[in-house]
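Notes to accompany the following structure.
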Amino acid sequence: QKEVEQNSGPLSVPEGAIASLNCTYSDRVSQSFFWYRQYSGKSPELIMSIYSNGDKEDGRFTAQLNKASQYVSLLIRDSQPSDSATYLCAVNVYTGGFKTIFGAGTRLFVKA
Amino acid sequence: EPEVTQTPSHQVTQMGQEVILRCVPISNHLYFYWYRQILGQKVEFLVSFYNNEISEKSEIFDDQFSVERPDGSNFTLKIRSTKLEDSAMYFCASSEGPSGGTDTQYFGPGTRLTVL
Numbered sequence: 006q007k008e009v010e011q012n013s014g015p016l017s018v019p020e021g022a023i024a025s026l027n028c029t030y031s032d033r034v035s036q037s038f039f040w041y042r043q044y045s046g047k048s049p050e051l052i053m054s055i056y057s058n059g060d061k062e063d064g065r066f067t068a069q070l071n072k073a074s075q076y077v078s079l080l081i082r083d084s085q086p087s088d089s090a091t092y093l094c095a096v097n098v099y100t101g102g103f104k105t106i107f108g109a110g111t112r113l114f115v116k117a
Numbered sequence: 147e148p149e150v151t152q153t154p155s156h157q158v159t160q161m162g163q164e165v166i167l168r169c170v171p172i173s174n175h176l177y178f179y180w181y182r183q184i185l186g187q188k189v190e191f192l193v194s195f196y197n198n199e200i201s202e203k204s205e206i207f208d209d210q211f212s213v214e215r216p217d218g219s220n221f222t223l224k225i226r227s228t229k230l231e232d233s234a235m236y237f238c239a240s241s242e243g244p245s246g247g248t249d250t251q252y253f254g255p256g257t258r259l260t261v262l
């Protein structure tokens, strides 16, 4: 069973701080990794994708991937109250065809 | 900006009834997906669809489920005989290329299905 694990939180950070979200996955051959943001009652919205080991930065967001450790993380700098949401880690796995496996998500609260 | 649309936004049905959830993917996308999310739980992959065929399906996608692209724009999910446990938010998504590559999946707003 291919799994994606996340700390459910909630993670609470003050406004302006760095929020660090972590995710581990079980499938060693996975090549594509995604972070989605989901507001309550809404659909997932893609924040970042990452495919190679190392860091990838996009504005206030940095995704980090370590395939050897099967670990992917998301850093949010200068956190804003509007960043309060559930952050979903997703991994593409191959089981004869590709499918996307989501983690249960980490709830983030940014306090003003 | 192009977006995935889904109808209806909320569907209420009686147990045992058939429901069809509709999606209009982004026009130049070739790969289509259905996911479900039971309230408070994780987003779960149901099925992917390409070139009028199912590419991959999960163990959730059993014989009561079917997908179809009846015309050039719509992509539908049919649940033949709904059960109480089918109550969930159903998301449609589409991508230009296959999800195994680097193509981004764009999600629709979802249809909330309530089975009574």
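Chains V and Z are the protein sequences, given in the same order.
Position one of the first sequence corresponds to residue 6 (this note's numbering), numbered consecutively onward.
Position one of the second sequence corresponds to residue 147 (this note's numbering), numbered consecutively onward.
Just so you know, even glycine gets a beta-carbon here, dropped at the ideal spot from N, CA and C.
| Asked | Found |
| --- | --- |
| Have a look at the DSSP bridge pairing and note the partners of THR91(V). | GLN43(V), ARG112(V) |
| For LEU26(V), which of ASP32(V), SER35(V), ARG33(V), GLU10(V) has the nearest alpha-carbon? | GLU10(V) |
| If I'm right that THR228(Z) touches VAL193(Z) with Cβ under 8 angstroms, what's the distance once you round it to whole angstroms? | That pair is no contact at about 17 angstroms. |
| Does the stretch 19 to 36 of chain V come close enough to the stretch 45 to 54 of chain V to have 3 or more Cβ pairs within less than 8 angstroms? | no |
| Check distances from the C-beta atoms of the stretch 35 to 49 of chain V to those of chain Z and list, in chain order, the residues that come in under 9 angstroms. | GLN36, SER37, PHE39, TYR41, GLN43, GLY46, LYS47, SER48, PRO49 |
| Identify the contact partners of ILE106(V) in chain Z, using a Cβ-Cβ distance below 7 angstroms as the criterion. | PHE191 |
| Between which residues of its own chain and GLN69(V) is the CB-CB distance below 6 angstroms, once the five residues before and five after are set aside? | ASP60, SER78 |
| How long is the line joining the alpha carbons of PHE107(V) and PHE39(V), rounded to whole angstroms? | 9 angstroms |
| Would you list the one or two residues that DSSP bridges to THR105(Z)? | Outside the displayed span of chain Z (147 to 262) sits residue 105(Z), for which this structure offers no information. |
| Is the separation between the beta-carbon of ARG215(Z) and that of PHE207(Z) shorter than 8 angstroms? | no |
| Give the straight-line distance between the Cα atoms of PHE191(Z) and ILE184(Z), rounded to the nearest whole angstrom. | 12 angstroms |
| Can you give the beta carbon distance from GLY21(V) to ASP83(V), rounded, assuming they're within the 8 angstroms contact cut? | 6 angstroms |
| Less than 8 angstroms between the beta carbons of SER45(V) and ASN97(V), yes or no? | no |
| Can you round the beta-carbon distance between GLN210(Z) and ILE225(Z) to whole angstroms, since I take them to be within the 8 angstroms contact cut? | 6 angstroms |
| For a contact meaning CB atoms closer than 9 angstroms, what does PRO255(Z) contact in chain V? | LYS47, SER48 |
| In angstroms with no decimal places, state the Cα-to-Cα distance between ILE55(V) and GLN75(V). | 13 angstroms |
| TYR30(V): which of VAL115(V), ARG112(V), THR105(V), ARG42(V) sits nearest, CA to CA? | THR105(V) |
| ILE172(Z) and TYR252(Z) look like a contact to me (Cβ under 8 angstroms); what is the Cβ gap, rounded to whole Å? | 6 angstroms |
| Starting from ASN27(V), follow the beta strand (DSSP E) in both directions and report where the run begins and ends. | 24 to 30 |
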